[in-house]
Amino acid sequence: MSTQGNDTRLAILEAGKQEFLKYGYEGASLRRIAKEACVTTGAIYGYFPGKEALFEELTGDAADGLMEKYRAVHVEFAALPPEKQAEALDVISDDNVPWMVNYVYDRFDLFKLIFCKSSKEYCDSYLSELTEIEEASTWEFVEAMKELGHDVMEIDSTIIHILARSFFQQLWEFVAHDVPREKALSYGLVLGTFQHAGWKKIMGL
Numbered sequence: 001m002s003t004q005g006n007d008t009r010l011a012i013l014e015a016g017k018q019e020f021l022k023y024g025y026e027g028a029s030l031r032r033i034a035k036e037a038c039v040t041t042g043a044i045y046g047y048f049p050g051k052e053a054l055f056e057e058l059t060g061d062a063a064d065g066l067m068e069k070y071r072a073v074h075v076e077f078a079a080l081p082p083e084k085q086a087e088a089l090d091v092i093s094d095d096n097v098p099w100m101v102n103y104v105y106d107r108f109d110l111f112k113l114i115f116c117k118s119s120k121e122y123c124d125s126y127l128s129e130l131t132e133i134e135e136a137s138t139w140e141f142v143e144a145m146k147e148l149g150h151d152v153m154e155i156d157s158t159i160i161h162i163l164a165r166s167f168f169q170q171l172w173e174f175v176a177h178d179v180p181r182e183k184a185l186s187y188g189l190v191l192g193t194f195q196h197a198g199w200k201k202i203m204g205l
């Protein structure tokens, strides 16, 4: 792609980001994006098939990056022997909450798009995929603690789902309410401590 073509593409992306932030995905207009980027609407289609593709180009790398790192954390945790998993529960919130908050806040505008300005289906699908990672990891942890002989509380898939999703709902709230980074980090650690104590009770630790 030529330098001019790349500049045009970047101008469209920046105009698109501002348009989505102001109007949300449903209310965004390619015509206004074209005007702001000083191109024709037809020129936008030369780079992106439509509004959905433009939104995905803006948010995809940030969304995928968080997903991949979160999945890697759980793979690493699952690889620990059961007794080490029990020990790791004492520090996992303090270790993982800060990187998640910082990852999101380093890309705040993009996660504002993902959490607050996308279509409801897009946001729900993304949060559900993150939740599925947490749910699967939780069930593996339940079995590991049972193998160690802990008196694990009887729980079902519905409550596991609710507890798992609530973690990401908190992250959504930080972004939705424009909580400053330092407060989000502090709140995240408080909430992590709260959840950690609950999980220890549930797992009989």
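Be aware that the sequence shown starts at 1, since it is given in full-length UniProt numbering, and climbs by one per residue. C-beta atoms are modelled at their ideal positions from N, C-alpha and C, and glycine is treated no differently.
Beta-carbon separation of residue i and residue j under 8 angstroms?
i    : j    : result
K112 : L21  : yes
I133 : H196 : no
Y105 : A184 : yes
T193 : A164 : no
P82  : L130 : no
Kindly list the residues whose CB is nearer than 7 angstroms to the CB of residue i, restricted to its own chain and excluding five residues on each side of it in sequence; keep chain order.
i    : result
P30  : With the sequence shown as reference, residue 30 is identified as Leu, and Pro is not the correct amino acid for it. Here the set comprises T41, I44 and K51.
A15  : I33, E36 and A37
F115 : C123, W172, V175 and A176
K146 : V152
Near residue i, which residues of its chain fall below 6 angstroms by C-beta distance, leaving aside the five closest residues on each side in sequence?
i    : result
R9   : Y47
G24  : K117
A62  : R107 and L110
K17  : L58
F168 : L127 and L130
How would you label residue i, buried or exposed, when you count the other beta carbons within 10 angstroms and need 16 or more for buried?
i    : result
S118 : buried
A72  : exposed
M153 : exposed
K200 : exposed
I12  : buried
V97  : buried
E26  : exposed
E182 : exposed
For residue i, which residues of its own chain have a beta-carbon under 8 angstroms away from its beta-carbon, when the five flanking residues on both sides are left out?
i    : result
Y103 : G65, L66 and K69
V142 : V152, I155 and M203
S93  : L189, G192, T193, Q195 and H196
E19  : A28, S29, R32, I33 and E36
V101 : L171, F174, R181, A184, L185 and G188
Whose C-alpha, out of the options, is nearest the C-alpha of residue i?
i    : options                   : result
L89  : H161, G149 and A144       : A144
V91  : P81, V101 and F77         : F77
H150 : D94, L163 and A86         : A86
A79  : A62, E129 and E140        : E140
W162 : Y187, D178, E135 and S186 : Position check: residue 162 holds Ile in this sequence, whereas Trp was assumed. Comparing Cα positions, the closest option is E135.
Shorter than 7 angstroms, the distance from the beta carbon of residue i to the closest heavy atom of the ligand FAD, or not?
i   : result
T40 : With respect to the ligand FAD, the structure shown offers nothing to examine, as it has no ligands at all.
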